Each structure stands twice: as structure tokens, then as C-alpha cells.
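Mind the numbering: the sequence shown is residues -8 to 130 in this note's numbering, read in order. Structure, as C-alpha cells:
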Amino acid sequence: MPLSPSAAALLGLAAWSLLLVFLLVNQRGLLVMAGRMKVNAFAADGSNTPSAFGKRLVRAYANTQENLPMQAAVLLYAIAAGQTAITDPLAGLLLGARLFQSIAHLISTSALFVWLRFAGFFVQLAILAWWLLKLAALV
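Structure (C-alpha cells):
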């Protein structure tokens, strides 16, 4: 049975989170194995990670995790309620905006990339707000 765009986006959001955590575990594992950090020395917020990329990776992963419950809840509701006709048209765009935001975060924290990240985040918020209004039959 083929996946609906909503189900594919939901799985894509989960897969992206899993990829980021694998990158994070790999990066931290290499630091420990190289003797650059002790296994219990990592700050939860990534502030003591030795590389700028590592710090951005911690934040990009955390941001993905902060938003996944909200995104998953709306998509799961639409799937369970048989309302994917509402979410399917923008599901791919939601996933694409999530990927765009994370990748922009991983590339740089320059002003341009912060604006690009915000644009990706805003697209996600706008889609979720639209879906909630439609699913609640308010529009």
C-alpha cells in the first residue's frame, strides 16, 4: 500500500531526526575515542563542544526535537481521522522546510543563514497553523 504524502512526511521528519542524532553520536564518539573529551564531559546544550560545527549540530538536533511533537501530532491526527486530504498537499513542503532549516543551521550562523533558518521555520509554522484551522473546520 503506497504511503500518503502526510505519512511520508511524518516518516521523513522521524528519519531526519534519526540522521541528526546519528551524526551527533558519531561526532561525540570520535571526540571521546580521540581522547579530546571524556565521555561524561559533554554539556547538554553543546556549549563545550570543541568545534563550531559540533555546536551547530547539537542545536539543529535540539530544534528538530523541539518541533517534532507538534508536527507529528498534527500529521498523526490527520492520518487517524482520515483527513489527509487537508495535509497531503503541503506535507512535502513541511518536510522540505524542516530539512532546509536544519541544513542552513549546520552550514553557518551568519546573519544570512539565520534569516534563511527563520524563513524555513516560518514556513513550517504557517503550514501547521493552516492545517490546524482546516482540521478544526474554522476555515
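Note that the Cβ used here is the ideal one computed from N, Cα and C, for glycine as well. Here the structure is a predicted model, which means the values were calculated and not measured.
Practice problem: Identify whether Ser132 lies in helix, strand or coil by the three-state DSSP scheme. | Solution: Here the chain covers residues -8 to 130 and nothing more, so residue 132 does not appear.
Quiz item: From Ala69 to Leu15, what does the alpha carbon distance come to, in whole angstroms?
Solution: Distance between the alpha carbons of Ala69 and Leu15: 31 Å.
Quiz item: So which of Leu103, Leu4, Leu81, Ala0 has the shortest CA-CA distance to Glu57?
Solution: Of Leu103, Leu4, Leu81, Ala0, the residue nearest in Cα terms is Leu4.
Quiz item: Is Ser93 near Leu11, with beta carbons less than 8 Å apart?
Solution: A Cβ-Cβ contact shorter than 8 Å links Ser93 with Leu11.
Practice problem: Give me the Cα-Cα distance between Arg19 and Ala(-1), rounded to the nearest whole angstrom. | Solution: Going by the C-alpha atoms only, they are around 30 Å apart.
Quiz item: Which residue comes first and which comes last in the alpha helix (DSSP H) that contains Ser8?
Solution: Here the alpha helix (DSSP H) through Ser8 covers -4 to 24.
Practice problem: Assign Trp106 to one of two classes, buried (16 or more other C-beta atoms within 10 Å of its C-beta) or exposed (fewer than that). | Solution: By the neighbour-count definition (other C-beta atoms within 10 Å, threshold 16), Trp106 is an exposed residue.
Exercise. Could you spell out the range, first to last residue, of the alpha helix (DSSP H) harbouring Pro60?
Key: From DSSP, the alpha helix (DSSP H) with Pro60 extends over 43 to 71.
Practice problem: Provide the residue span of the alpha helix (DSSP H) that contains Leu109, from first to last. | Solution: In the sequence as displayed, the identity of residue 109 is Phe instead of Leu. The continuous alpha helix (DSSP H) containing Phe109 extends over residues 102 to 126.
Quiz prompt | Ala82 (DSSP reduced to helix, strand or coil) | solution = DSSP, read as helix, strand or coil, puts Ala82 in helix.
Self-check item: Inter-residue Cα distance where the pair is Arg27 and Ala6
Solution: In this structure, the alpha-carbon of Arg27 lies about 29 Å from that of Ala6.
Self-check item: Ala32, DSSP secondary structure in three states
Solution: When DSSP states are grouped into helix, strand and coil, Ala32 belongs to the coil group.
Practice problem: Taking 8 Å as the cut-off, decide whether the C-beta atoms of Gln74 and Leu119 are in contact. | Solution: The Cβ atoms of Gln74 and Leu119 lie no closer than 8 Å to each other.
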